[in-house]
Amino acid sequence: MRIGLAQINPTVGDLPGNAARILAAAHDAAAQGADLLVTPELALTGYPPEDLLLRGHFLDDCASRLAELAAQTPLPLLVGHPHRAGKALFNAASLLLGGRVQATAHKRHLPNAEVFDEKRYFAEGRAATVFELAGERIGVAICEDIWQPDVAADLKAAGAQRIVVLNASPYHLDKPHAREAVLRQRVAETGLPLVYVNAVGGQDELVFDGGSLVMAADGCVRHRLPACVEAVRVVDPDEPGEAPDIASVEQQVWQALVLAVRDYVRKCGFS
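Residue numbers are given in this note's numbering: position 229 of the sequence shown equals residue 436, and the series is strictly consecutive.
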């Protein structure tokens, strides 16, 4: 299986622009021969959407855009979006295939400290979600889920052969090393390889640094995307590829500051 990592830069609330960005990445990945494309967490809305999630018309528009993506995507697409189920709202990831939603995973661990307030908006997911594609069983985790041991363990128990993680993980000092240590711990606990796709870009006071990666079952990073730039890369997750070392802390901070200021100006529409 060839998997595409869509390390994209969505804008909070820009549903038409974000959907167009996702679809462009899907066409790019399809041209590179991908069997599956994975977006970041809440790629359709941008992160964090905050009180936009309290507006019914915004959620209606999200559902319409998701249906359009399902109809238009040229390949199987795992996309992050808010999902209404009855009266509950979930931070979700859906597999779009054959013109419709084939499977949906709900985030189980909702961060609610520091810059995060997901419990204000979302209900907690309960189930382990595993889908089969191209002969492989893929388990889905969403951001904070991979920082806790139970979700990965449940995915393994449900028959997953690989874990795919959708993220909107903001940068702080030397965050890349902290992330990688957690991912390596989950891999060691489960024996499962994983694909980690992170958002990139500045959004108000937050900056997302990308650094998406593929980790083998032995904890070795086989592929790593560059920090602080958009990229769509299709990889064979079982083969070695480009995996440059994590930048020095000084370089990380410089890249994050440049990206944060540039996107603050651009996304606020300053002239």
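Glycine included, each C-beta is placed from N, C-alpha and C at the ideal position.
Of the residues the options, which one's Cα is nearest the Cα of residue i?
{"i": "Leu413", "options": "Thr218, Asp352, Ala236", "result": "Thr218"}
{"i": "Glu396", "options": "Phe297, Gly293, Pro356, Cys435", "result": "Pro356"}
{"i": "Val407", "options": "Ala233, Leu266, Glu387, Tyr254", "result": "Tyr254"}
{"i": "Val322", "options": "Gln458, Leu420, Asp411", "result": "Asp411"}
{"i": "Ala237", "options": "Ala375, Val439, Lys382", "result": "Val439"}
{"i": "Pro256", "options": "Leu466, Cys269, Gly220", "result": "Gly220"}
{"i": "Arg291", "options": "Ser271, His379, Ala341", "result": "Ser271"}
{"i": "Cys435", "options": "Gly418, Ala226, His264, Asp258", "result": "Gly418"}
{"i": "Leu222", "options": "Leu259, Gln392, Asp235", "result": "Leu259"}
{"i": "Glu275", "options": "Ala295, Leu230, Val468, Leu420", "result": "Leu230"}
{"i": "Leu420", "options": "Val372, Leu464, Gly409, Ala226", "result": "Val372"}
{"i": "Ile370", "options": "Gly409, Leu340, Gly293", "result": "Leu340"}
{"i": "Arg269", "options": "Val456, Glu343, Asn225", "result": "Note that residue 269 is Cys in the sequence shown, not Arg. Of Val456, Glu343, Asn225, the residue nearest in Cα terms is Asn225."}
{"i": "Glu343", "options": "Ala450, Gly448, Leu399, Val358", "result": "Leu399"}
{"i": "Lys314", "options": "His430, Val308, Arg228, Ala335", "result": "Ala335"}
{"i": "Ala360", "options": "His384, Val394, Ala385", "result": "Val394"}
{"i": "Lys294", "options": "Val389, Pro383, Tyr328, Ala364", "result": "Tyr328"}
{"i": "Leu401", "options": "Ala232, Pro444, Val468", "result": "Pro444"}
{"i": "Leu251", "options": "Glu351, Ala385, His264, Asn216", "result": "Asn216"}
{"i": "Ala388", "options": "Val456, Pro377, Met422", "result": "Met422"}
{"i": "Asp381", "options": "Leu390, Val456, Glu351, Gly409", "result": "Val456"}
{"i": "Ala232", "options": "Phe477, Ala454, Glu437, Val472", "result": "Glu437"}
For residue i, is the classification buried or exposed, using 16 other Cβ atoms within 10 angstroms of its Cβ as the cut-off for buried?
{"i": "Arg333", "result": "exposed"}
{"i": "Lys474", "result": "buried"}
{"i": "Phe415", "result": "buried"}
{"i": "Gly287", "result": "buried"}
{"i": "Gln462", "result": "buried"}
{"i": "Asp425", "result": "exposed"}
{"i": "Phe297", "result": "buried"}
{"i": "Glu325", "result": "buried"}
{"i": "Asn319", "result": "exposed"}
{"i": "Asp452", "result": "exposed"}
{"i": "Gln458", "result": "exposed"}
{"i": "Phe338", "result": "buried"}
{"i": "Leu317", "result": "buried"}
{"i": "Asp470", "result": "buried"}
{"i": "Pro447", "result": "exposed"}
{"i": "Leu164", "result": "There is simply no residue 164 to check, as the chain begins at 208 and stops at 478 in what is shown."}
{"i": "Glu449", "result": "exposed"}
{"i": "Ala227", "result": "exposed"}
{"i": "Ala385", "result": "exposed"}
{"i": "Ala364", "result": "exposed"}
By DSSP's criteria, residue i is part of a beta bridge. Which residues make up the other side?
{"i": "Thr311", "result": "Ser301"}
{"i": "His288", "result": "Ala299"}
{"i": "Asp416", "result": "Val407"}
{"i": "Arg440", "result": "Leu212"}
{"i": "Val402", "result": "Val371, Val421"}
{"i": "Leu340", "result": "Glu343"}
{"i": "His430", "result": "Val421"}
With a cut-off of 8 Å on the beta carbons, I'd call residue i and residue j a contact; round off their distance for me.
{"i": "Leu212", "j": "Val404", "result": "5 Å"}
{"i": "Leu432", "j": "Gln214", "result": "5 Å"}
{"i": "Ala367", "j": "Ile345", "result": "6 Å"}
{"i": "Leu249", "j": "Pro283", "result": "Not quite, the Cβ-Cβ distance comes to about 19 Å (not below 8 Å), so this is no contact."}
{"i": "Arg209", "j": "Val442", "result": "7 Å"}
{"i": "Gly306", "j": "Ala330", "result": "About 28 Å; that fails the 8 Å criterion."}
{"i": "Ser301", "j": "Leu273", "result": "7 Å"}
{"i": "Ala348", "j": "Leu362", "result": "7 Å"}
{"i": "Ala299", "j": "Thr311", "result": "5 Å"}
{"i": "Leu285", "j": "Leu244", "result": "7 Å"}
Would you say the beta carbon of residue i comes nearer than 7 Å to a heavy atom of the ligand FAD?
{"i": "Asn298", "result": "Here there are no bound small molecules, and the ligand FAD is not part of this structure."}
Using beta carbons (cut-off 8 Å, strictly below), is residue i in contact with chain C?
{"i": "Gln392", "result": "Judged by its chain identifiers, the structure shown contains no chain C, having just a single protein chain."}
Whole runs of the alpha helix (DSSP H) within the region 345 to 380, excluding any shorter than 4 residues: 351 to 354, 356 to 364
Quick check on the DSSP output: what are the complete beta strand (DSSP E) runs of length 3 or more inside the region 225 to 263, in order along the chain? 243 to 245, all fully within the region 225 to 263.
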